[in-house]
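One structure is given here, and the rest of the page talks about it.
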Amino acid sequence: MMKYMKGVTWFALASACCMPLSGALQAPEVYSVIPQAAVTTPGAKVELFGSGFTPETVVYFEGVQVRETSFVSPSRLDVVTPYLRPGEHNIELKSGGVVASFAIALQALPSPVDAEIDHALLMAKQDHATDALDELEKVAKTSSDYQVKAFARYERGQLYFAMGDWWRWGGETFGIFYKSDLAGMAVQTYWPYRLAMAQVNYLFHTPQDPNFDFKSADYFDKFDVTGSPEPRFYRGVLNARAGNLAKAKADSDSLLRIGPKEPSYIGLAAFVAALRRDKGSSSRLSLKARSLLEDTQGVDVQALRLLGDTAYVSGDSVQAQQDWAAAGQAAPLQADLAYLAGKKHLWLGDRRTAKMLLLESISMAPAGEDAEEARRLLETIPGSTP
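With the first letter of the sequence shown counted as 1, position 115 gets the number 238 in the numbering used here; the numbers rise by one all the way through.
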């Protein structure tokens, strides 16, 4: 699991009209965890000592909710850890809808299954994807810990995603949540799992409720306590494409505060500004993102795609095609993702965005397998020419 926040932070709202300060509830704090290190599969019992605990206090390790919590006293909580990958994992508490993060950490010790997972991930890095998939499948089938099973399914899904095997990616992602009642809230609260599920639903699922994808993206606010920007970026792009510009701008503004020099965040802000017909801001942000891309090593594919989208919305189809082509050259699989998203928006009745995404797919891979189908779909949209 990843680290997101260090130090002690507390965000609370206090109303003087409701109760005097002396009568307000004490914000919970964590002073120590005993033991400080443990093997976390099938779950280790640890004690948290601090102050301000209540029976409603929810405990997380790096955003992953614990399996069980027992309220002992306002200064002690007994919990059973979720499955955590080896390493240090800081503690978060949620009480009354407010989250506090602490630098107090639990050291997750490696278990035998971690050695198997590490070996599989090493094989994947060494381009032995088939062997890695087989070993992760073995873990997913034989482990008695459903949280370990979920992690193995997630990693298999990520491998299939990197290979462009979209159906198997989707199948493994759904497998993460198999028997989620036995896995517990750890599966629901770990944002990479939920982000993968949201992406699969967006690209492949055609639900009866046309707002399903947006509701799914909002689940992050309910379950994630880490404040990770990645779910927000996904939601911002999703809402921008759908024309939910107030929500898209709110996420974009938040991302710019977190990463003011991240080209992809600036690209999203430029896209939102273009959709809002704020030509001045869109042009300024686009220039800033392009300048940052020139000064950095490597290629920010998401930034290039969003800059292309911005140019397209602004009426500069030549620049849009150039940006999209550059993104496709750097990451050919992006053409497939643009095509699948274009199909989804066409199904939603959003022809404007469908047209943009299908043109984007063709520009990224004009001779690709999906290009012919994208051209055929464009012919169903009035006024569209590849």
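Every residue, glycine too, gets a C-beta built ideally from N, C-alpha and C.
None of the values given here were measured: they were computed from a predicted structure.
- Taking each of Ala243, Val262, Thr204, Ala263 in turn and checking the Cα distance to Asp254, the smallest one comes out for Ala243.
- Less than 9 Å separates the beta-carbon of Ala309 from that of Gln270.
- A Cβ-Cβ separation of about 15 Å leaves Ser193 out of contact with Gly173 under the 8 Å criterion.
- Taking the Cα of Gln322 as reference, the smallest distance to any Cα among Val182, Ala464, Ile504 is reached at Ala464.
- Here DSSP, grouped into helix, strand and coil, assigns Val189 to coil.
- Secondary structure note for Glu502: it is in no alpha helix (DSSP H), with a DSSP letter that is neither H nor E.
- Within its own chain, the residues whose Cβ lies closer than 8 Å to the Cβ of Leu480, once the five positions on either side in sequence are excluded, are Arg364, Ala461, Tyr462, Ala464, Gly465, His468, listed in chain order.
- In the displayed model, Val156 falls within a strand according to three-state DSSP.
- Going by beta carbons, Ser387 and Leu361 fall outside the 9 Å limit.
- With respect to Leu229, Ala161 sits close: the two C-beta atoms are nearer than 9 Å.
- Asp201 places its beta carbon less than 9 Å from that of Leu171.
- Put simply, the backbone Cα of Gly175 is about 53 Å away from that of Trp447.
- The residue among Ala458, Met286, Pro352, Pro235 with its C-alpha nearest the C-alpha of Lys248 is Met286.
- Judged by DSSP in its simplified three-state form, Ala263 adopts helix.
- Around Glu179, the same chain offers Ser218 as residues with beta carbons nearer than 7 Å, after the five sequence neighbours per side are excluded.
- Ala228 is bridged by DSSP to Asn213.
- The C-beta distance from His212 to Ala226 rounds to 11 Å, too long to fall under 8 Å, and the pair is not in contact.
- With 16 or more other Cβ atoms from the protein chains shown falling within 10 Å of its own Cβ, Tyr435 counts as buried.
- When C-beta atoms of the region 298-309 are compared with those of the region 258-274, three or more pairs fall below 8 Å, so the two segments count as touching.
- Within 10 angstroms of the beta-carbon of Gly366 lie fewer than 16 other beta-carbons, which makes it exposed.
- Linking Phe284 to Tyr277 through their CA atoms gives a straight-line distance of about 10 Å.
- For Arg355 and Trp314, the gap between their C-alpha atoms comes out near 11 Å.
- Taking all protein chains shown into account, Gly472 has fewer than 16 neighbouring C-beta atoms within 10 Å of its C-beta and is therefore exposed.
- A direct Cα-to-Cα measurement between Leu207 and Tyr183 gives close to 11 Å.
- At least 9 Å separates the beta-carbon of Leu416 from that of Ala453.
- Sequence-distant partners of Gln442 (beyond 5 residues in either direction) whose C-beta falls short of 6 Å from its own C-beta, in its chain, are Ala434.
- Looking at the DSSP output, Lys168 sits in a beta bridge with Val203.
- In this chain, Val182 is not harboured by any alpha helix (DSSP H); it is covered by the beta strand (DSSP E) spanning 181-184.
- Here the C-alpha atom of Trp470 lies approximately 15 Å from the C-alpha atom of Arg499.
- Taking 9 Å as the cut-off, the beta carbon of Gly166 is found closer than this to the beta carbon of Glu191.
- Val221 carries a strand assignment under DSSP once its states are collapsed to helix, strand and coil.
- DSSP assignment within the region 376-430 yields the following whole alpha helix (DSSP H) runs of 4 residues or more, N-terminal first: 386-398, 402-418.
- Comparing alpha carbon positions, the residue from Gln188, Leu326, Ser196, Gly186 closest to Thr177 is Ser196.
- Contact between Ala393 and Ser409 holds, with the beta-carbon distance rounding to 5 Å and staying under 8 Å.
- As DSSP reads the structure, Val441 sits in no beta bridge.
- Annotated as proximal: Gly359 and Asp374, with beta-carbon spacing under 9 Å.
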